[in-house]
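With positions in the sequence shown counted from 1, the corresponding number in the working numbering is that position plus 1438. Some notes on the structure that comes next.
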Amino acid sequence: MIALALPSVPIPDAVAALIADQIPEPVLDAETKALTLAYNIGLCRGDRYREAREHCLGDLARVNKTLAAYDPRFIVRGAA
């Protein structure tokens, strides 16, 4: 979902914590919310769930604005 390329070597938890400390809290919250919304969009298939899917897509667009303002590579795309 996130466009960043992950290294092929596992990152130790301490290094991941140091990286996370450099990212502002609102951006981390937005990333979590974006991933949840992208998952929910994948669940809303068919005409029956069109309204719920459109609502999730709108929320995802708002959250992506926060992520893109910090780094455009953080944008999450929904599985529509």
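Just so you know, even glycine gets a beta-carbon here, dropped at the ideal spot from N, CA and C.
- A residue is called buried when at least 16 other Cβ atoms come within 10 angstroms of its Cβ; Val1453 does not meet this threshold and is exposed.
- Along the region 1447-1506, the alpha helix (DSSP H) occurs as fully enclosed runs of 4 or more residues at 1451-1460 and 1463-1481, listed in sequence order.
- When rounded, the separation of the alpha-carbon atoms in Arg1483 and Asp1497 is 17 Å.
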